[in-house]
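Reviewing the structure listed below.
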Amino acid sequence: NAGVTQTPKFQVLKTGQSMTLQCAQDMNHNSMYWYRQDPGMGLRLIYYSASEGTTDKGEVPNGYNVSRLNKREFSLRLESAAPSQTSVYFCASSEGSGGSGNTIYFGEGSWLTVV
Amino acid sequence: SQQGEEDPQALSIQEGENATMNCSYKTSINNLQWYRQNSGRGLVHLILIRSNEREKHSGRLRVTLDTSKKSSSLLITASRAADTASYFCATDRMDTGRRALTFGSGTRLQVQP
Numbered sequence: 008n009a010g011v012t013q014t015p016k017f018q019v020l021k022t023g024q025s026m027t028l029q030c031a032q033d034m035n036h037n038s039m040y041w042y043r044q045d046p047g048m049g050l051r052l053i054y055y056s057a058s059e060g061t062t063d064k065g066e067v068p069n070g071y072n073v074s075r076l077n078k079r080e081f082s083l084r085l086e087s088a089a090p091s092q093t094s095v096y097f098c099a100s101s102e103g104s105g106g107s108g109n110t111i112y113f114g115e116g117s118w119l120t121v122v
Numbered sequence: 009s010q011q012g013e014e015d016p017q018a019l020s021i022q023e024g025e026n027a028t029m030n031c032s033y034k035t036s037i038n039n040l041q042w043y044r045q046n047s048g049r050g051l052v053h054l055i056l057i058r059s060n061e062r063e064k065h066s067g068r069l070r071v072t073l074d075t076s077k078k079s080s081s082l083l084i085t086a087s088r089a090a091d092t093a094s095y096f097c098a099t100d101r102m103d104t105g106r107r108a109l110t111f112g113s114g115t116r117l118q119v120q121p
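Protein sequence lines correspond, in order, to chains A and B.
Numbered according to our numbering, the first sequence spans residues 8 to 122.
Numbered according to our numbering, the second sequence spans residues 9 to 121.
Next up, the structure:
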């Protein structure tokens with residue numbers, strides 16, 4: 008049981024380049040999330056998907072787009088990378104909504120550096 | 009803005025001592041969760057406490073919740089070097105219809121062997 012798998016693990020981008028972070032979960036969860044973690048800032052919600060076919064903005068959505076491809080997969084796209092997007096990105100999932108007391112399961116993170 | 013804020017930001021103790029971390033939040037919640045993050049890894053769920061509960065135990069973990077003060081504490085008893093990690097509280101977000109969690113900035117715990 009792999010849980011939440013996200014790729015790539017590490018990526019260096021040049022300013023203005025685009026890339027997609029891939030995420031898949033094998034727990035048949037309905038809800039999926041993308042967070043970013045910056046030093047001393049905790050985790051900030053970028054986008055979330057409460058169920059297949061729906062996506063909603065979180066706290067810091069600017070500069071990002073998401074796609075809930077199917078129930079298993081939730082990708083995060085940076086259309087034109089900026090140095091401010093240098094961060095560690097975490098994909099996560101939960102059976103129901105996190106706010107209802109469901110445990111959120113996290114991937115191992117993707118370290119992104121924009122130069 | 010961050011819903012949960014942990015205190016202290018960093019804590020260093022000796023093995024065998026107890027570690028207490030505090031979390032404050034701003035708006036009403038349905039539940040509060042604590043997560044742990046080892047260096048370079050993803051977060052792992054530790055324990056959940058609902059708004060109608062005051063205290064909960066799980067092994068060496070004890071969590072309290074005071075909704076009148078909008079605060080929670082996580083106590084790790086008889087700490088071990090393996091408890092070295094960052095600890096985060098998380099609360100349900102009203103602005104997402106309580107469908108997502110807001111995480112605090114975390115407490116970095118160092119347990120000296």
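Ideal Cβ positions, reconstructed from N, Cα and C, are used throughout, including at glycine.
{"Query": "The segment 109-117 of chain B / the segment 67-74 of chain B touching (three or more Cβ pairs under 8 Å)", "Result": "no"}
{"Query": "Own chain residues within Cβ distance below 7 Å of P15/A, not counting five before or after", "Result": "S117"}
{"Query": "Beta-ladder partner(s) of L73/B, from DSSP", "Result": "S80/B"}
{"Query": "Assumed close pair F81/A, M39/A - CB separation to whole angstroms, cut-off 8 Å", "Result": "4 Å"}
{"Query": "Own chain, CB closer than 8 Å to T93/A, minus 5 neighbours either side, in chain order", "Result": "L119, T120, V121"}
{"Query": "G67/B Cβ short of 7 Å to the ligand NAP heavy atom set", "Result": "For the structure depicted, the ligand NAP is absent and the ligand set is empty, with no information on it obtainable."}
{"Query": "Cβ pair L85/A, V73/A closer than 8 Å", "Result": "no"}
{"Query": "DSSP-derived helix/strand/coil call for S107/A", "Result": "helix"}
{"Query": "Cutoff 8 Å: I111/A Cβ touching any chain B Cβ", "Result": "yes"}
{"Query": "Close-in-space but distant-in-sequence residues of the same chain around F111/B (CB under 6 Å, 5 per side omitted)", "Result": "F96, A98"}
{"Query": "Chain B contact for S117/A (CB, 8 Å cutoff)", "Result": "no"}
{"Query": "Exposure of E63/B, with buried meaning 16 or more beta-carbon neighbours within 10 Å", "Result": "exposed"}
{"Query": "Chain-ordered chain A contacts of H53/B [CB-CB under 8 Å]", "Result": "T110, I111, Y112"}
{"Query": "Cα-Cα separation, Q10/B to C31/B", "Result": "Per-residue confidence for Q10/B stands at a pLDDT of 44, beneath the threshold of 50, marking its modelled position as unreliable; no derived number is given."}
{"Query": "Where Q22/B falls, given that 16 or more other Cβ within 10 Å makes a residue buried", "Result": "exposed"}
{"Query": "Proximal residues to H36/A (C-beta, below 7 Å), its chain only, five neighbours per side dropped", "Result": "S100, S101, E102"}
{"Query": "Residues that F17/A contacts on chain B, provided the C-beta gap is smaller than 9 Å", "Result": "Near F17/A there are no residues of chain B at all, since even the closest Cβ is about 11 Å away, more than 9 Å."}
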